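Single-structure report; data block below.
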Amino acid sequence: MSQANDAAGPAASNMKPVQVKLVLLGEAAVGKSSLVLRFVNDEFQLNKEPTIGAAFLTQKCRLEDKVIKFEIWDTAGQERFHSLAPMYYRNAQAAVIVYDVTKASSLEKAKSWVKELQRQANPNIVIALTGNKVDLVANRKNRTNNDGEVDEDGEQDAQEIDEDEEDDEDYAITRQVPTEEASAYAQESGLLFFETSAKNGQGVAEVFTEIAKKIPLEHILSSSRGARAGGVNGSNGRVDLQNGANGQRLGGQQEKGGCAC
Amino acid sequence: MDLLLARLDAQNSALEQDPKRRATSETSSEIDRAVGHAKEESASEDVDWDYWGSLMHDYNGVVKKNPKQLTVMIQKGVPSAIRGLIWQLLAQSKDAQLEATYADLLKETSSHEKQIQRDMSRTFPNHEYFQAEGLGQESLFNVVKAYSLYDAEVGYCQGLSFVVGPLLLNMPDEEAFCVLVKMMSSYDMRGHFTPDMNTLQLRLYQFEQLMEETVPLVHKHFLNQGIRSTMYASQWFMTLFAYKFPLDLVFRIYDTLLVEGVESLLRFAIALLKANHDQILNHDFETLIEFLKNGLFEPYKNDASMFVKDAYNVKVTPKKLAQYTQKYQAMIQRQQAELAAEESLRESNRQLSMHVRRLEGSLHTLNKEHVDLAKELISRKVEMAQLQDQNDVLLQKVSDLTRMVDAQGKEVEDRYKEEIQAVMEKNVELVRKNEQADEQCSLLESLLIDTKMKYAESENERESLARKLSDLKKALGVA
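Protein chains in written order, with my numbering: chain A, 240 to 500; chain B, 935 to 1413.
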């Protein structure tokens, strides 16, 4: 990680980041805001307030020799706020559509978002379908796995999960959306697919890394530099969210991902 | 104050139409007791109890006599001990019938129940009263659920629970329900939560117009940065600032709103922008939204009265608001016309694209058919050439065979003649042999006749000899 941090240091500050506008969509209470909070601040807040209207956050991410800055609009999930969504996805280059793996209806809502984006959004938009809250359904499976032999990483995970379990006792932990079903749908619709836990961080960084890899960055650089939908001028970059804690965590995942977020 | 008077008139005319609905059902002795109790509890506060007491006895009379005094008192703040009572008084919400309705609604099941439940732990999650096991959460659920049944069009809208929370911190749930109903209807807040949220949109528009007029630099800065009021102010108006603001400020907003009407939200919003004027201009897009949501209340954190005072100093008249409303409606009409035009263009575009897709599809099929046919043609041609070759070979064979047949005919005839000749010769030979055999045969016959003659002679001789023998024997025998 230190290597990535160094690289993102002086060299990166000379380099103008590629701005990627990203929007989060999905049914109410599937964990959109929590997913962003995990990605941006590496935090988890139990009982996060429902988003009213929309929230805006940014996070920088390093991919190979480029610095990418995600400008994230986190939208309200309730159907009533639906009519506001076009304002946020209209100029987006990427969308993360979130559903809750313990709630089958949330996948249906996700599918309707996919349809709407394919009809109304930027035709080149990169869409990632993300099944969140896998920590609620992974507990049992992981525990039985851990009875046998585990590698070092596995042991760490098991510890975290055991801690979580106390909080989750009241939750129904039956999975309602099988991975295969959602993944098959994503594949046939041309979407990236992930399963995540905003609570323990599992898979969250990958969502953004893979989006960064798939986005035609050169195209964005040449076409939309400086002229962003939000009307923000080029002199920003004041928000440097690459703080120490964040860097360290993402460093561990960088081995798999390759994006030093 | 203009807003207050306008609202009072409306309330009074409503009361005249419905005299049975008494503005307040509290009896004088109850009020005295409540005020007395409150006085004891908050002895340290500098409160004009006489005023609040008389207000509770005769709200309409006191306000009519000196409307200005109420606004002055509100700017000082409603004493927290009687805040719940005053709110109900201001809202004229006391209604035994409605409380009974509320009790009935609690027994019913709302289709929004699951979603409401999901949001309960997420409403004021850090407030002690609304913790999972607290009474607050149950009351909150009850009021919000009952309202979703009471007003089916609004049902449940996220944000509502943040409006109810501050009420519940000041009064029991059935009373909070009645105030909520008043806020939604008389105070015209329903439109913040209906599916189309049209009043909210109007409010945001009025807010932007006011901004342009009162804080033009901020307005311009927002325009330059691409910040629109929906991005940050929806949650102000939908939750009456309760979503992020400290509750003591929120209570003061409620105090004012219940006196002045919902439009006072605009005054608070503008006051906040004014108080943070220079700081706002120093923020750009990325940090500004965060600042607008979480940073604005800082200047008033320890001076809620200043907050209310500043809000009161923002000039908002009903006339001005009506103008904005008209402007907004004209704009909406224009937008709708544009939208309809756009939609019809989109529709025809969709149909044309579908047509293009269909044509592309049939072109593709035709191309495929063409290729297939061309391939078949080629294979046919190849086949034809092969057949031609075969034909040539066969013709050659036929002519060879004809020639062969012609040649063979003569040969056969010759051979036939030869054979006939040979047979005839054989025949002549055989006839000759036959004649010889006949000759031999007649020779043999004559020989046979000779032999038979000789045999007959010898037979005769034999008989004469036999007779001689028998004569002899007889002669001998007799002898």
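Glycine included, each C-beta is placed from N, C-alpha and C at the ideal position. Bear in mind the structure is a predicted one, so any value in this text is a computation, not a measurement.
Listed in chain order, the non-local C-beta contacts of Ala1080 of chain B below 7 Å within the same chain comprise Tyr1036, Leu1039, Leu1040 and Phe1111, local neighbours out to five positions each way being set aside. Under the Cβ criterion (8 Å, minimum of three pairs), the stretch 294 to 303 of chain A does not count as touching the stretch 338 to 354 of chain A. When C-beta atoms of the stretch 1146 to 1164 of chain B are compared with those of the stretch 256 to 273 of chain A, fewer than three pairs fall below 8 Å, so the two segments do not count as touching. Taking 8 Å as the cut-off, the Cβ atoms of Ala294 of chain A and Ser322 of chain A do not count as close. Contact between Phe1185 of chain B and Pro1100 of chain B holds, with the beta-carbon distance rounding to 6 Å and staying under 8 Å.
Assigned with DSSP and collapsed to three states, Cys1112 of chain B falls in helix.
Distance check between Ser1095 of chain B and each of B:Glu1303, B:Thr1336 and B:Leu1114 places B:Leu1114 closest, using alpha-carbon atoms only.
In the DSSP secondary-structure assignment, Cys300 of chain A is bridged to A:Ile307.
Considered as a whole, the stretch 981 to 1064 of chain B harbours 983 to 991, 993 to 999, 1001 to 1010, 1017 to 1025, 1030 to 1041 and 1047 to 1054 as its complete alpha helix (DSSP H) runs of no fewer than 4 residues, in chain order.
Note: Tyr1389 of chain B is not bridge-paired with any residue in the DSSP secondary-structure output. Met1118 of chain B counts as buried, since no fewer than 16 other beta carbons sit within 10 angstroms of its beta carbon. Here Arg1017 of chain B is buried. Its C-beta has 16 or more other C-beta atoms within 10 Å. Within the stretch 286 to 308 of chain A, the residues whose Cβ lies closer than 7 Å to some Cβ of chain B are Asn286, Lys287, Glu288, Pro289, Ile291, Gly292, Ala293, Phe295 and Thr297, listed in chain order.
Leaving aside the five residues that flank Ile1214 of chain B on each side, the residues in its chain whose CB is nearer than 6 Å to its CB run, in chain order, Val1152. Tyr1177: these are the residues of the stretch 1177 to 1194 of chain B whose beta carbon lies less than 8 Å from some beta carbon of chain A, given in chain order. Within the same chain, Ile1050, Gln1051 and Met1054 come within 8 Å of Phe1075 of chain B by CB-CB distance, once the 5 residues on both sides are set aside. Taking 8 Å as the CB threshold, Ile1223 of chain B lines the interface with chain A. Beyond the five residues adjoining it in sequence on each side, Val443 of chain A comes within less than 8 Å, by CB distance, of Leu274, Arg277, Phe278, Thr435, Ser436 and Ala437 in the same chain, given in chain order. Taking the CA atoms as reference points, Gln332 of chain A sits about 8 Å from Ile454 of chain A. Each of B:Leu1199, B:Tyr1262 and B:His1155 was checked against the Cα of Ile1223 of chain B, and the nearest Cα belongs to B:His1155. Ranked by Cα distance from Asn361 of chain A, the options A:Lys255, A:Pro256, A:Met254 and A:Lys260 are led by A:Lys260. With contacts defined as CB atoms closer than 8 Å, Tyr1188 of chain B and Trp986 of chain B fail to qualify as a contacting pair. Burial check for Asn1000 of chain B: the Cβ neighbour count within 10 Å stays below 16, so the residue is exposed. For Asn1158 of chain B, the secondary structure class from DSSP, reduced to helix, strand or coil, is helix. At least 8 Å separates the beta-carbon of Ser1120 of chain B from that of Leu1102 of chain B.
Only residues of its own chain outside the window of five on either side were considered, and among them Ile1016 and Leu1019 have a CB closer than 7 Å to the CB of Ala968 of chain B, listed in chain order. Each residue's CA atom was taken as its position, placing Glu1395 of chain B and Glu1369 of chain B some 39 Å apart. With the criterion set as a beta carbon lying under 7 Å from some beta carbon of chain A, the members of the stretch 1089 to 1112 of chain B are Cys1091, Gln1092 and Gly1093, in sequence order. Taking 8 Å as the upper bound for CB-CB distance, Tyr1246 of chain B and Arg1201 of chain B are in contact here, some 7 Å apart.
Leu264 of chain A is not a Cβ neighbour of Ile364 of chain A, given a cutoff of 8 Å. If you look at Tyr338 of chain A, you'll find it in the beta strand (DSSP E) that goes Ala333 to Asp339. Contacts between Leu323 of chain A and chain B, judged by CB atoms closer than 9 Å, involve Met1131, Thr1164 and Ser1168 in chain order.
Secondary structure of Ala1319 of chain B (DSSP, three-state): helix. For Thr369 of chain A, the secondary structure class from DSSP, reduced to helix, strand or coil, is strand. Of the residues assessed, Pro1013 of chain B falls on the buried side of the cut-off, its CB having 16 or more other CB atoms within 10 angstroms. Beta-bridge partners of Gln284 of chain A (DSSP): none assigned.
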